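Step one of this worksheet: look at the structure below.
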Amino acid sequence: MKHLRVAPLSAANPLWSLFGGGRRIAAVAVFGWALMGGELAHAAVIYNESVSGDLSNSGLNPTVISVAPGSNQVFGTTGKNPATLIIDRDYFTFTVPNGLSLTAVTVLPGTKNLGPHGDSFIGLEAGPQVTVLTTATTAAGLLGWDHYDSGDIGNNILPDMGSAGLGATGFTGPLGAGTYSFWIQEASVGTVPYGFDFTLTAAPEPDSWPVVLAVVGLLGMSRLHKRHIGR
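To convert, take the position in the sequence shown, counting from 1, and add 21; that gives this note's numbering.
Here it is, written out as structure tokens:
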């Protein structure tokens, strides 16, 4: 998967000197965010099975968890019991608040898989439940899904989930405000850990951007004016 690389803001970047370095740029960002009514992002573990207990094994009654702007990390274990051959499936649901979008589902370090690629699975359904049967032979009813493995660590698999096919509804780009339910499982014998980071990002109203751009423009003009006077 190709990733867009953006030049970092540094002393070598014209924007850095134009706005007076890191402190000025940070002030612009924070002020613009405030004007749009945003909240400062957080980074948090919102659920860890080793601390909070096993996630629900029922798609019709998934564990409800809360999310906030920024990083929302979920850790658990999944796999197939070698004696009973029963799969430990994990189901959870959360609601993306108004004004936010789910922009990434990143596989976290420590995630492992067993057996061939394709046994580790994450599915996504719109709404407060996962109603697709575990015996289903297609992805009909799911919004998206993906087979993940340890090679995906550090990658955002949300685009792959949206284009996986096999009857899934599919989607393009971030997922907007609404309730979404997730299904995670490892179909091979054994138990392995997983971790996913669900990133929520502000989705500013279109009318807010002119205000932010005006502030940035004024600061830039002020900086250039000071330079001209000082010559």
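Even glycine gets a Cβ: it sits at the ideal position worked out from N, Cα and C. In this text the structure is predicted, and so the values were computed from the model without any measurement.
{"Asked": "Sequence-distant residues of its chain with Cβ nearer than 7 Å to P83 (five each side left out)", "Found": "S77, Y112, F113, T114, Q150, V151, S202"}
{"Asked": "Cα-Cα separation, N93 to T200", "Found": "15 Å"}
{"Asked": "For Q206: DSSP bridge partner residues", "Found": "F142"}
{"Asked": "Proximity to D75 [Cα-Cα], best of L221, P214, L135", "Found": "P214"}
{"Asked": "DSSP state of L106 mapped onto helix, strand, coil", "Found": "coil"}
{"Asked": "Continuous beta strand (DSSP E) stretch holding L123: start and end", "Found": "121-128"}
{"Asked": "Length of the line joining the Cα atoms of Y68 and G188", "Found": "30 Å"}
{"Asked": "Alpha carbon of D173 to alpha carbon of A65, nearest angstrom", "Found": "21 Å"}
{"Asked": "Q206 versus A104 - alpha carbon distance", "Found": "17 Å"}
{"Asked": "Three-pair Cβ contact test at 8 Å for the stretch 153-165 versus the stretch 114-130", "Found": "no"}
{"Asked": "Opposing strand residues paired with F96 [DSSP bridges]", "Found": "N69, G216"}
{"Asked": "L76 - DSSP class collapsed to helix/strand/coil", "Found": "coil"}
{"Asked": "Straight-line gap, M182 to S73 (C-alpha atoms, nearest Å)", "Found": "27 Å"}
{"Asked": "Sequence-distant residues of its chain with Cβ nearer than 6 Å to G197 (five each side left out)", "Found": "S122"}
{"Asked": "7 Å Cβ shell around S141 - same chain, five flanking residues per side excluded", "Found": "N134, H168, Y169, D170, E207"}
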